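One structure is given here, and the rest of the page talks about it.
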Amino acid sequence: MPGSSESSSSSRQLSDTPSPRRLLSSSKVYEGRIWDVVSDAFELAEDSGTLVRDYIDHPGAVAVLPMNGDGDILLLKQYRHPVGMDLWEIPAGLLDIEGEDFVVGAARELAEEADLQAAQWNVLADFFNSPGSSSEAIRIYLARGLSDVPEAERHVRTDEEAEIELRWVSLDEAVAAVLEGRLHNPSAVVGILAAAAARAGGFSGLRPGNTPWPAHPSQR
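Each residue of the sequence shown is one higher than the one before, starting from 1 at the first, in full-length UniProt numbering.
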């Protein structure tokens, strides 16, 4: 039976795992304003030969899928210059404040980009944005129990963020937009599909917001 050998030999939980390799050297080849490019020389196994890989050294990021009491989600439209498009996204940002709690960082982005605060936080998904070329790790939260940030405390958005447009949509509408190829932002795509899957179980299987995140660069 196709696939039977794999399933019979794999009763272990399906999970990505750390895989330390012998690092021979590491050097910074480009220093940017937000992230750097490094070049690592390493061995897959002893005396297997040296491999060299260049990649973006990234501080990681958090993203937030806000959901109201009706089950609708908030998306925001923002211009992204590298792809030359206005993308429908979810609030997100870099974890570029050293030592900042991940949920605190997510709450900051939710307030700055959507003028919202949340009483309930759960983890929707963790993923690597482009593991063949970047160390960037992203955690997506589901934020519920929403309320408005007081007017006097709201963040003044500048540059591309000044053009942000907010829209509440049903989760089903967002899922359809993903499956029809109309949404492209990775955090939005992953977050929307994860929320739809979690909804089937009444969101009871989601991890608490303070769940450890060992895959984040600061924890590895």
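Note that CB positions come from ideal geometry on N, CA and C, so glycine has one too. The model shown is predicted, which means the values in this text are computed figures rather than measured ones.
Indicate, with yes or no, if the ligand ATP has a heavy atom lying under 7 Å from the CB of Thr17. Ligands are entirely absent from the displayed structure, and the ligand ATP is therefore not among its contents.
Determine the DSSP secondary structure at Ala188, reduced to helix, strand or coil. helix
Selection from Gly132, Glu151, Val52, Gly202 that minimises the alpha carbon distance to His58: Gly132
Assumed close pair Gly99, Ala118 - CB separation to whole angstroms, cut-off 8 Å: So it is not a contact: roughly 22 Å between Cβ atoms.
Give the C-beta separation of Leu95 and Val62 to the nearest angstrom, bearing in mind that I take them to be a contact with Cβ-Cβ under 8 Å. 6 Å
Would you decide whether Asp139 is buried or exposed? Buried here means 16 or more other CB atoms lie within 10 Å of its CB. Residue 139 is actually Arg in this sequence, not Asp. Arg139 should be labelled buried.
Taking the CB atoms as reference points, tell me whether Pro66 and Leu124 lie closer together than 8 Å. no
DSSP-derived helix/strand/coil call for Gln120: strand
Hey, quick one: how far does the alpha helix (DSSP H) through Ala174 stretch, first residue to last? 171-179
CB-CB under 6 Å to Glu165, same chain, minus the five flanking residues each way: which ones, in chain order? Lys77
Backbone CA spacing between Gly69 and Ile34 [nearest angstrom]: 36 Å
Here's the rule: buried if 16 or more other CB atoms are within 10 angstroms of the residue's CB, otherwise exposed. What is Ser187? buried
Sorted by chain position, which residues of the same chain lie with C-beta nearer than 6 Å to Asp86's C-beta, five sequence neighbours on each side aside? Lys77, Tyr79
Taking the beta strand (DSSP E) that Gly145 belongs to, which residues open and close that run? 137-148
CB of Arg207 within 8 Å of CB of Asn129, strictly: no
Excluding sequence positions up to five away, which residues of its chain have a Cβ less than 8 Å from the Cβ of Leu51? Ala41, Phe42, Glu43, Leu44
In this structure, does DSSP put Pro91 in helix, strand or coil? coil
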